[in-house]
Amino acid sequence: MERRGSPPADRNRSPKKTMSPELETLDQLQGGDLPLNTVRGLFKDAGHFRRSITSMLDAGDVILLDQESQTVPRWKHAEIFGQPAGHSTLQSYRLSLDDAGAARIQ
């Protein structure tokens, strides 16, 4: 028996909301630092990853850390992000959430 007045099930579903990889990165960093190669997996391709992360670094949303948890100087960013996406160099660096990035996702 058909129910009258009940909308089809499809109408009751809210549209799936997706988060941009940039906001997803900031959200994930709330839980702690992440290796660059892990963050790379959130982006559709290496170019998008490089552009987004360098923009986030320039904006002060994130901090790039080396193996000793020292901030990587800005002049070294181009060298690091010039490596192929799966390159082992990415494993040597981590991203950390900075105050500006934390404020963006509050």
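So that you can map any letter, position 98 of the sequence shown is 97 in numbering that gives the first Met the number 0, and since no number is skipped, the others follow by simple counting.
Just so it is clear, CB atoms sit at the ideal spot from N, CA and C, and this is done for glycine as well.
Nothing here was measured: the structure is a model prediction, and the numbers come from that model.
For residue i, name the three-state secondary structure that DSSP assigns.
i, result
"I79", "helix"
"P20", "helix"
"L41", "coil"
"I52", "helix"
Just checking: is the beta-carbon of residue i within a distance shorter than 8 angstroms of some beta-carbon in chain D?
i, result
"T53", "Given the protein chain composition of this structure (a single chain), no chain D is represented."
Using 8 angstroms as the threshold, is the C-beta distance between residue i and residue j below it?
i, j, result
"I62", "T53", "no"
"L28", "G81", "no"
"S51", "E78", "no"
"L89", "L35", "yes"
Throw me the rounded Cβ distance for the residue i and residue j pair, which I believe falls under 8 angstroms.
i, j, result
"R103", "D60", "6 angstroms"
"D32", "L64", "7 angstroms"
Leaving out five residues before and five after residue i in sequence, what residues of the same chain have Cβ atoms less than 6 angstroms from its Cβ?
i, result
"F48", "R39 and F42"
"S91", "Q66"
DSSP puts residue i in a beta bridge; with which residues?
i, result
"P72", "P72 pairs with nothing; no bridge assigned."
Residues in its own chain within less than 8 angstroms of residue i by CB, not counting five upstream and five downstream?
i, result
"L56", "I62, L63, R73 and H76"
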